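If you read the sequence shown in this note's numbering, its first letter stands for residue 4, the second for the next number, and so on.
In this text, a Cβ means the ideal position worked out from N, Cα and C, and glycines have one as well.
In this text the structure is predicted, and so the values were computed from the model without any measurement.
Step one of this worksheet: look at the structure below.
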Amino acid sequence: MLLIVSLVVLCVVTLAQLPHPCRTPEEFEGRVVTFDPDRRFFSSARFAYDDRQRRVREFEEVDVGRDVDYFDRLFLFNENKEYRVNVRTRQCNVTGLSRPWIPFGVPLDAMFNGTGDIGASGVPDEHVIVNIFNGVNDNNPYFMTVSATDCIPIQVGFFSNQTGGVLRNFFDISLGISDPEVFIPPQECST
Ligand SMILES: *[C@@H]1O[C@H](CO)[C@@H](O)[C@H](O)[C@H]1NC(C)=O
Ligand SMILES: *[C@@H]1O[C@H](CO)[C@@H](O)[C@H](O)[C@H]1NC(C)=O
Ligand SMILES: *[C@@H]1O[C@H](CO)[C@@H](O)[C@H](O)[C@H]1NC(C)=O
4 MLLIVSLVVL
14 CVVTLAQLPH
24 PCRTPEEFEG
34 RVVTFDPDRR
44 FFSSARFAYD
54 DRQRRVREFE
64 EVDVGRDVDY
74 FDRLFLFNEN
84 KEYRVNVRTR
94 QCNVTGLSRP
104 WIPFGVPLDA
114 MFNGTGDIGA
124 SGVPDEHVIV
134 NIFNGVNDNN
144 PYFMTVSATD
154 CIPIQVGFFS
164 NQTGGVLRNF
174 FDISLGISDP
184 EVFIPPQECS
194 T
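Structure below.
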């Protein structure tokens, strides 16, 4: 009896050690830097993310002096809607989605692709251990680098026919959503 119990305990411990599937928190916010192939520059945005209802808000940070348009975007994947406000003109367009749903967290069917150490290994506070996953979502291949302990996104890359290759780097993530209205369409879009 004791043997069976310890075998079961051993199995559970072994399973718990597998990096896959790791569970990313369902709601978080932070900053994301994305290379925009259309505009040929890195855009930096504050974002809020809700995995359960598949909603993302992105406020692009304006680079003063650069002669390009900046946007405040709300993506509601469950409604197939994208709200896009030009930060300068405050004009809003409501359209179907211009990009596929690629979660910021690790999907349950992602494949574990290895472990790495970002920064200076062995120097305290100068490194973070990460796990890398990859997979395919609606035929769009992606990979994700997440922190090994809490499965927090660090980098996500994907390819889709609509967007081409997209690489996103995440910073300053905090868990939860601080502004409950962040997923309500901007006022400019209601007229
Ligand atoms: C809205 O659509 C029009 C016409 O396609 C375009 O000229 C304009 O730049 C768009 N505005 C935004 C905020 O996307
Ligand atoms: C990790 O991904 C790369 C590129 O897709 C692939 O060549 C490699 O075999 C993968 N390794 C594992 C362990 O899945
Ligand atoms: C992307 O385009 C290629 C070539 O046209 C096609 O074979 C593939 O199915 C498309 N992928 C998706 C996800 O639509």
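Suppose contacts are defined by Cβ-Cβ distances below 7 Å. Is F74 in contact with R87 by that definition? yes
Let's test the definition: count the other Cβ atoms within 10 Å of the Cβ of I205 and tell me whether it reaches 16, buried, or not, exposed. No statement about residue 205 is possible, as the shown extent of the chain runs from 4 to 194 and does not include it.
Smallest Cα separation from G167: which of V97, D39, F45? D39
Quick check: what's the CA-CA separation for N89 versus V126? 44 Å
Comparing alpha-carbon positions, which option in L111, C154, N96, A48 lies nearest T37? A48
Just to confirm my understanding: we take P189, look at its own chain, exclude 5 residues before and 5 after, and list those with CB closer than 8 Å. What are they? D75, L77, Y86, V88, C95
Secondary structure of C95, DSSP reduced to three states: strand
Helix, strand or coil for A19 per DSSP? No answer about A19 holds up, because its pLDDT of 44 lies below 50 and its placement is not dependable.
So the candidates are P156, G119, L178; which of them puts its Cα closest to the Cα of R171? P156
Are the Cβ atoms of F186 and R55 separated by less than 7 Å? no
Sorry if obvious, but does the Cβ on N137 come closer than 6 Å to a heavy atom of ligand 3? no
Going by Cα to Cα distance, which pick from T118, L178, N83 is closest to R102? N83
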